[in-house]
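> Numbering (this note's numbering), first residue to last: 7 to 220. Every residue gets a Cβ at the ideal spot worked out from N, C-alpha and C, and that includes glycine.
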Amino acid sequence: MSRLKVFGAPQSTFVRTVRLILEEKGLDYDLEPLWPKDARERGLNPFGKIPVLQDGEVRLFETLGIAHYVLRRYHERGNRLLPDDVVQSARALSYVGAILDHGNAVITRRYILQYALPQGPDGQVDRATIEAALPEVEAQLRVYDAAAEANGGTLISSLSLADLYLWPILFYLRQMPEGPQLLNGKPGLAKMSGVMEDRASFQATMPPALPQAA
Ligand SMILES: N[C@@H](CCC(=O)N[C@@H](CS)C(=O)NCC(=O)O)C(=O)O
């Protein structure tokens, strides 16, 4: 079997999601650090995004396609990550969809990236964008907190793809100036932190430190 290869910057939450899937499946892989513009220039992803997965002749972009492939192709390996129960697996994918849509748009782009890659005048942090995003971030966190509280620290009844999408984002959120306050009083997310951060997969995919959030 050829060794799998992930293209993408280890700082990317979505690259980490794919790496977490591979780690949880017990699959060996190489990581080639690559930024999105290089993914387009090198013809790896016509949409210029990371991650991209290569497995022998098979090359895939978009995390959902990659996840589907790995879970089906390596069904018998490691953690299943989607239960057989149709309702539970559908719920996990509903959370994945929400994270890809609202979570990425609001928590990552309108909040975390405003600190990590400031886009305001003279490279300043854009406070107006952050202030406007905060109530929406809080509203999303409440949804995930309630689910994790009901399930003892995972979004559905067992560890699933949904957790592997969410926690890389919340790992960064916690490091932001308002992060501790946003996570305070959310017992489900506190349990989720314990579940996720103790996992060997999470430790094995630790990204480089972010620039200091101002
Ligand atoms: N829907 C994509 C999202 C991937 C994504 O947004 N990746 C970010 C890095 S975390 C990226 O490549 N951004 C570059 C851009 O949006 O131009 C997936 O699931 O793979």
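Is DSSP giving F20 helix, strand or coil here?
Residue numbering aside, residue 20 sits at position 14 when the sequence shown is read from its first letter. DSSP places F20 in helix when its eight states are reduced to three.
> In chain order, what residues of the same chain have a beta carbon less than 8 Å from the beta carbon of A152, not counting five sequence neighbours either side?
As a first step, residue 152 must be located in the sequence shown, where it is residue number 146. Once the five neighbours on either side are set aside, the close Cβ partners of A152 are G194.
> Mind reading off the beta-carbon distance from P174 to P16? Whole number of angstroms is fine, and I expect it under 8 Å.
For this step, residue 174 is matched to residue 168 along the sequence shown. For this step, residue 16 is matched to residue 10 along the sequence shown. Contact doesn't hold; Cβ gap of about 11 Å is too wide.
> Are the Cβ atoms of A45 and G32 separated by less than 8 Å?
Reading the sequence shown from its first residue, position 39 is the one you call residue 45. Reading the sequence shown from its first residue, position 26 is the one you call residue 32. No, the Cβ-Cβ distance between A45 and G32 is not below 8 Å.
> Can you give, in chain order, each stretch of the beta strand (DSSP E) that sits fully within the stretch 108-144 and has at least 3 residues?
Listed in chain order, nothing qualifies, since the stretch 108-144 has no complete beta strand (DSSP E) run of 3 or more residues.
> Counting Cβ pairs closer than 8 Å, one from the stretch 94-104 and one from the stretch 164-172, do we hit at least three?
Because the criterion of three Cβ pairs below 8 Å is met, the stretch 94-104 and the stretch 164-172 touch.
> Which class does Q181 belong to by DSSP, given the choice of helix, strand or coil?
Translated into positions along the sequence shown, residue 181 becomes position 175. Reduced to three states, the DSSP call for Q181 is coil.
> Per DSSP, Y35 is paired with what?
Taking the sequence shown and counting its residues from 1, one reaches residue 35 at position 29. DSSP lists L10 as partners of Y35.
> In whole angstroms, give me the CA-to-CA distance for S18 and L216.
Translated into the one-based positions of the sequence shown, residue 18 becomes position 12. Translated into the one-based positions of the sequence shown, residue 216 becomes position 210. The straight-line gap from Cα to Cα measures roughly 11 Å.
> Determine whether the beta carbon atoms of L172 and G84 lie at a separation below 8 Å.
As a position in the sequence shown, residue 172 is number 166, starting the count at 1. As a position in the sequence shown, residue 84 is number 78, starting the count at 1. No.
> Per DSSP, which one or two residues make a beta bridge with F53?
Walking along the sequence shown from the start, residue 53 turns up at place 47. Answer is none; F53 lacks a bridge partner.
> Just how far apart, CA to CA, sit L140 and T114?
Working through the sequence shown from its first residue, we reach residue 140 at position 134. Working through the sequence shown from its first residue, we reach residue 114 at position 108. L140 and T114: Cα-Cα distance of roughly 11 Å.
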